[in-house]
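Residues -5 to 163 in this note's numbering are what the sequence shown spells out, letter by letter. Data block below; observations after.
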Amino acid sequence: MKFASIDMSRNKFEGDIPNIIGGVHALIGLNLSNNKLTGFIPQSMGNLTNLESLDLSSNMLTSVIAAELSNLNFLEFLDLSNNHLVGEIPQGKQFNTFSNDSYEGNSGLCGLPLLKKCGPEQHSPPSPTSFGVKWLVIIFGGQPKRRVRRRTRVRRTNGSNMNQMIQMS
C-alpha cells in the first residue's frame, strides 16, 4: 500500500525532523518546506524506498546531506534549497539527476552539480555523534572558566590586591 504525498509545508513547525519518519515505508511524497525545522536530515529517510518527491526547502537544517538518501531509487524530485546544509553532495543513482536548483541557498555545500569543488575537510563531514561531542566539549569546556571567576570574586572580597590577582593568572 502506498500513501499519497504528505504535505506539512508552511506550518511553522520547529525542531528536528523525527527519525521515525523513516519508518513510513509506503510514503511516496513528503513536503516539509517553509517551516522552521533545524538539525540534521535523518539518516532513516534513506529507508523511504518508495519516495518519489522530497521537499525540505526553506527551513533551517544544518548538517550534511545524509548519504543514505542516495538509496532512494525512485526519487524524481528533490528540493533542499534555502537551508544551512554543508559538505559534499552525495553522488550516485538519483542524485546524479538533480540540478543546482535543488541545492540553491546552501553556501556550505559543494560537489556536483554545483560548480564549487570540495576541499579535503569537506569529503568526510562530521557525523551527528561527533557534532554532539563537539557541543559537549564547548559546554563543559566553559565550566572551569566560571569556577576561576568565582574564585576571583571570592579573593577580591577577601581584600586581595588587583595587581596580585593579575600576576597569579
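C-beta: ideal position from N, C-alpha, C; glycine also.
Please list, in chain order, all residues of the same chain as residue i whose beta carbon is under 6 Å from its beta carbon, the five residues on each side excluded.
i	result
residue 26	2, 50
residue 70	46
residue 0	24
residue 10	33
residue 100	77, 79
residue 4	28
residue 13	36, 38
residue 48	24, 72
residue 56	78
Given residue i, which residues of its chain have a CB within under 8 Å of its CB, disregarding the five upstream and five downstream residues?
i	result
residue 8	29, 30, 31, 32
residue -2	22, 23
residue 95	73, 75
residue 104	81, 82, 83, 110, 111, 112, 113, 116
residue 67	43, 87, 88
Using 8 Å for Cβ pairs, my map puts residue i next to residue j. What's the rounded Cβ distance?
i	j	result
residue 106	residue 88	About 13 Å separates the two Cβ atoms, so there is no contact after all.
Consider the Cβ of residue i: report whether some Cβ of chain B lies at a distance smaller than 9 Å.
i	result
residue 108	In summary, chain B is missing from the structure at hand, where a single protein chain is found.
Can you name the start and end residues of the beta strand (DSSP E) that residue i belongs to?
i	result
residue 30	30 to 33
residue 80	78 to 82
residue 104	102 to 104
residue 39	Run containing residue 39: none; DSSP gives neither H nor E here.
residue 49	47 to 49
residue 71	71 to 73
residue 56	54 to 57
Could you pull the DSSP bridge partners for residue i from this structure?
i	result
residue 64	Per DSSP, none; premise fails for residue 64.
residue 0	24
Taking 7 Å as the limit between beta carbons, can you name the residues of its chain near residue i, skipping five residues before and five after?
i	result
residue 97	74, 75, 83, 103, 108
residue 129	For residue 129, the predicted structure reports a pLDDT of 37, less than 50, and the residue's modelled location is therefore unreliable. The matter cannot be settled from this model.
Segment contact flag, the stretch 60 to 70 with the stretch 25 to 43, C-beta cutoff 8 Å, min 3 pairs: yes
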